[in-house]
Amino acid sequence: MLQEAFVPPKDQSLWHPDLAKATPAKLFMMLVDYSKNEKGEPAPDPTDGVMYVITEVAQYSLKDYFALKREKNKPLSRESIKACARAILLVVAGLHAKGLVHLDLKPENLMMFNGRLKLIDVDGCVPIGSEVSINDSSISFSPCYCAPEWARFLTDESESKIIANDKLDVWSIGITLCELVTLDAILKPMYGNFLRNGHSHREAGFLFMDWLGHITRAPVPKSIERFDKDFQKLIVESLLVCDFTKRKSLAQCLSDPYVVETDKGSTGLEGGEKVVRQARQRFEDTSSKAPLYKGTLWKLNADGKPEDATHWLKRDMWVACDGSLCYFSIKENKRLVLLDGIKMAGAKVTSLPSSARDFAFRLDCINSDDHEKDITMCFSAETDQEHQKWRSLLSQASNLDGAMQTMRLGGAVADELKQFRLAVKNRRMKVGEDTKDQFAPIFKAKLWKVKAEGDRKKGEDWFEREMWIAKNGSLVYWSKKEDREL
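Per the UniProt record's numbering, the sequence shown starts with residue 1, numbered consecutively.
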């Protein structure tokens with residue numbers, strides 16, 4: 001079906017003239033072969049009873065490409081972003097023209113095959129107009145990329161089923177296009193906040209979706225507007241529209257002025273760079289507080305010199321299940337959090353060449369608080385194997401790789417969602433008539449706050465900022481540094 005020539009669908013909003021010229025094999029990953037029975041029908045292999053599927057091999061995903069650019073601190077050029085945006089729109093518009101919805105669109109599922117951007121993981125697609133139940137275990141989704149109406153379907157008691165339509169994918173593509181500029185998931189900081197306060201990855205996902213399902217305005221970073229106003233207009237007015245009935249189709253977006261003049265044969269991804277493909281992992285979701293990894297690290301004193309061996313201290317450390325870096329303090333005889341999961345989000349792990357100790361590395365964390373300094377810490381492992389393990393785990397924690405998991409519907413999730421809905425219903429207090437914008441202020445004023453490690457007796461350690469109490473009870477402020485509410 002996917003590899004058959006494109007035919008205009010009944011719904012003309014899903015069609016664009018460029019699809020008539022497109023070749024499906026250039027948009028969707030190709031199936032090369034599969035195991036068969038004696039009649040030549042798809043079946044488990046008769047020799048070992050295992051079902052085999054053989055596809056063409058991809059070189060890397062958009063997620064891998066963004067990670068490389070982020071690591072090198074090298075943003076995509078304006079021309080590349082425009083061309084890549086159009087290529088993404090065309091690929092998924094092609095899927096919709098086939099009458100299918102993907103439901104789990106994200107950079108990881110858009111991959112490069114010999115210079116062509118193609119869509120993968122199409123086995124979970126459902127027909128447009130079909131009904132999806134919360135008990136359907138064949139459906140997977142990623143919280144940071146799902147649409148508000150999908151979030152409501154999962155978290156609101158009144159919505160146990162949803163009709164699959166192309167607008168669910170349109171929102172996901174809007175989030176994905178933003179990453180062409182930001183090089184990271186724009187909702188990751190908010191997800192990390194819920195992860196920090198939840199009891200498990202699963203609960204953090206539910207809390208995040210409860211928030212997402214009630215937003216009235218897409219939380220698009222200011223960096224998108226600063227990059228290009230036409231690009232921002234495409235994102236805000238066509239793709240990331242909270243009311244899905246006002247969201248445009250991807251075929252309609254192909255006629256947007258921002259992409260209409262783009263080179264139609266280009267993916268926009270710049271060549272000449274070696275992109276390392278990361279293994280596609282499925283992290284187990286558990287409510288256990290057991291650490292992801294525990295071992296020994298040497299830590300450089302706050303004002304220490306890496307070249308001086310006496311400035312390094314040996315500590316028992318671990319990466320907690322929420323991505324926090326923790327240690328045991330002999331002085332206080334207790335477990336302490338050195339860097340919480342929020343500060344770890346977006347951290348950079350780099351080598352530390354000039355050091356008295358081998359296997360040394362540096363961890364740079366950007367502090368989202370306008371009045372707090374960014375954090376830099378230096379560590380050293382005892383062996384090369386441990387060095388590689390620590391760096392790998394800290395990089396995963398900084399990217400929230402283990403936290404921003406793909407979730408699958410089904411009986412177990414349905415039961416957990418019922419419990420979550422009941423808990424939310426019991427603790428939520430309705431403030432006023434409009435409860436949709438949960439972070440809207442009910443009281444707003446100036447407050448003085450002391451710096452995290454400041455002395456409250458020193459005037460210079462205090463700073464003034466505008467803060468408010470939100471409808472959901474949160475204490476919120478506007479961060480100039482992050483260009484967002486925190």
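All C-beta atoms, glycine included, are put in the ideal place defined by N, C-alpha and C.
Of the listed residues 75, 391, 475, 473, nearest to residue 224 (C-alpha basis): Nearest C-alpha to residue 224: 75.
If I follow the unbroken beta strand (DSSP E) through residue 334, where does it start and stop? Counting along the chain, the beta strand (DSSP E) containing residue 334 begins and ends at 334 to 339.
By the 10 Å Cβ neighbour count, where 16 or more other Cβ atoms means buried, how is residue 97 classified, buried or exposed? The residue in question, residue 97, is buried, as its Cβ has 16 or more Cβ neighbours within 10 Å.
Residue 511 bridges to which residues according to DSSP? Any property of residue 511 remains undetermined from this structure, which presents the chain solely from 1 to 486.
Under DSSP, the beta strand (DSSP E) around residue 326 begins and ends at which residues? Segment 325 to 329, the beta strand (DSSP E) holding residue 326.
Give me whichever residues DSSP pairs with residue 33 in a beta bridge. 54.
Could you round the C-beta distance between residue 307 and residue 249 to whole angstroms and report it? I think they count as a contact, below 8 angstroms. Distance from residue 307 to residue 249 at the Cβ level is roughly 60 angstroms; contact not present, criterion being Cβ atoms closer than 8 angstroms.
Taking the beta strand (DSSP E) that residue 360 belongs to, which residues open and close that run? 360 to 365 is the extent of the beta strand (DSSP E) around residue 360.
Select from 416, 407, 464, 311 the residue whose C-alpha is nearest the C-alpha of residue 138. It is 407 whose Cα lies nearest to the Cα of residue 138.
Compare the Cα-Cα distances from residue 330 to each of 313, 186, 14 and report the closest residue. The shortest Cα separation from residue 330 among 313, 186, 14 belongs to 313.
Rounding to the nearest angstrom, what Cα-Cα distance links residue 55 and residue 24 in this structure? Whole-angstrom Cα-Cα distance: 15 angstroms.
Entirely enclosed beta strand (DSSP E) segments - the region 64 to 146, minimum 3 residues: Whole beta strand (DSSP E) segments, 3+ residues: 110 to 113, 116 to 119, 131 to 133.
If you run the structure through DSSP and keep just helix, strand and coil, what is residue 49? Three-state DSSP puts residue 49 in coil, outside helix and strand.
Between which two residues does the alpha helix (DSSP H) harbouring residue 174 extend? 166 to 182 is the extent of the alpha helix (DSSP H) around residue 174.
Does DSSP put residue 408 in a helix, in a strand, or in coil? The answer is strand: DSSP assigns residue 408 an E or B state.
May I ask you to report which of helix, strand or coil DSSP gives residue 430? Residue confidence for residue 430 is low, a pLDDT of 41 falling below 50, so the modelled location carries little weight and cannot support an answer.
On a CA-only basis, which of 457, 84, 9, 219 is nearest residue 486? Give me that one, please. The shortest C-alpha separation from residue 486 is found at 219.
Mapping DSSP to helix, strand and coil, what is residue 284? Bear in mind that the predicted position of residue 284 carries a pLDDT of just 34, short of 50, making it too unreliable to give a figure here.
Under the rule that 16 or more other beta-carbon atoms within 10 Å means buried, what is residue 52, buried or exposed? Residue 52 is exposed by the Cβ-count criterion.
Going by the DSSP bridge assignment, what does residue 350 pair with across the sheet? Residue 350 pairs with 362.
By Cβ distance below 7 angstroms, which residues in the same chain neighbour residue 65 in space, the five residues on each side in sequence not counted? Excluding positions up to five away in sequence, the list reads 269, 275.
Three-state secondary structure (DSSP) at residue 220? In the three-state reduction of the DSSP assignment, residue 220 falls in the coil class.
Inter-residue spacing [alpha-carbon to alpha-carbon] between residue 114 and residue 190: Note on geometry: alpha-carbon atoms of residue 114 and residue 190 lie some 35 angstroms from one another.
Whole-angstrom C-beta distance between residue 110 and residue 81, which should lie under 8 angstroms: In this structure residue 81 does not touch residue 110 by the C-beta definition: roughly 14 angstroms separates them, more than the 8 angstroms allowed.
Name the DSSP beta bridge partners of residue 475, please? 469.
Using a 10 Å radius around the Cβ and a threshold of 16 neighbouring Cβ atoms, would you call residue 170 buried or exposed? By the beta-carbon neighbour count (other beta carbons within 10 angstroms, threshold 16), residue 170 is buried.
Opposite residue 296 in the DSSP bridges: which residues? By DSSP's assignment, residue 296 forms a beta bridge with 316.
Extent of the continuous alpha helix (DSSP H) to which residue 229 belongs: Annotation: the continuous alpha helix (DSSP H) that includes residue 229 extends over 229 to 234.
Could you check if residue 460 is buried or exposed, using at least 16 other CB atoms within 10 Å of its CB as the buried criterion? So residue 460 counts as exposed.
Would you call the CB atoms of residue 6 and residue 19 closer than 8 angstroms? Yes, these two residues count as a Cβ contact at 8 angstroms.
Residue 117 vs residue 254 beta-carbon contact at 8 angstroms: Between residue 117 and residue 254, the C-beta gap is not smaller than 8 angstroms, which leaves the two residues out of contact.
Start and end of the alpha helix (DSSP H) containing residue 238? Counting along the chain, residue 238 falls outside any alpha helix (DSSP H), and DSSP gives it neither H nor E.
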